[in-house]
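In this note's numbering, the protein residues as written are 9 to 209.
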């Protein structure tokens, strides 16, 4: 069994952390402290209530693979990195609907434009984009009309990525770098890459 001590400045806290921490403090032998005093002291220390930062959920195997990849490429030269083409998909929200927004206002100001946040009944919608780029040039931007699945991805790499790689790396020395998203590892996508490699040899 191991134990971990978390400094106060790094302590994780939820929405009601002030009340919870205050109750824990008052449960000890110390003198009682009001919740208001406790929260004011936290603010004076710079410990504001904030939403947690969203990061990719990585399991132990993911971390090991990332470390292995970094070690394998740590001695690459600038010329070697210039041969790499990168890609990713990103979703952009048309309206901010998947997070919590807070404002500070006085009593009676709840309908001021600066204190309101618009929303739509259908959730606001969004758009997904696929993009590739390299040292030499930016690649095409593709609007993904639906969820990125293996068939969509295979069409994109065939119609967009392949011409881009032929243009930017005419000698065939380019390296395409993608992540391990399920659609990237799908059988039809891997078979397409294998067919391209066989035809180029």
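Glycine is no exception: its CB is placed at the ideal position from the N, C-alpha and C atoms.
No experiment lies behind these values; they were computed from the predicted model shown.
C-beta atoms of residue i and residue j nearer than 9 Å
i, j, result
"residue 168", "residue 160", "no"
"residue 95", "residue 186", "yes"
"residue 144", "residue 191", "no"
"residue 164", "residue 152", "yes"
"residue 93", "residue 176", "yes"
"residue 74", "residue 66", "yes"
Where residue i falls, given that 16 or more other Cβ within 10 Å makes a residue buried
i, result
"residue 222", "The question about residue 222 has no answer, for the chain in this structure spans 9 to 209."
"residue 197", "buried"
"residue 50", "buried"
"residue 173", "buried"
Of the residues the options, the one placed nearest residue i, counting alpha carbons only
i, options, result
"residue 100", "133, 71, 68 and 83", "133"
"residue 89", "141, 193 and 195", "141"
"residue 203", "162, 139, 172 and 188", "162"
Cα-Cα separation between residue i and residue j, rounded to whole angstroms
i, j, result
"residue 45", "residue 112", "20 Å"
"residue 98", "residue 179", "30 Å"
"residue 182", "residue 62", "33 Å"
"residue 69", "residue 200", "27 Å"
"residue 170", "residue 137", "18 Å"
"residue 139", "residue 184", "12 Å"
"residue 189", "residue 205", "21 Å"
"residue 11", "residue 71", "Because the pLDDT at residue 11 is just 30, under 50, the model does not fix this residue reliably, and the value given afterwards should be weighed accordingly. So the alpha carbons of these two residues sit roughly 22 Å apart."
message: Under 8 Å, with one C-beta from each stretch per pair, do the region 53-60 and the region 137-151 reach the 3-pair mark?
response: no
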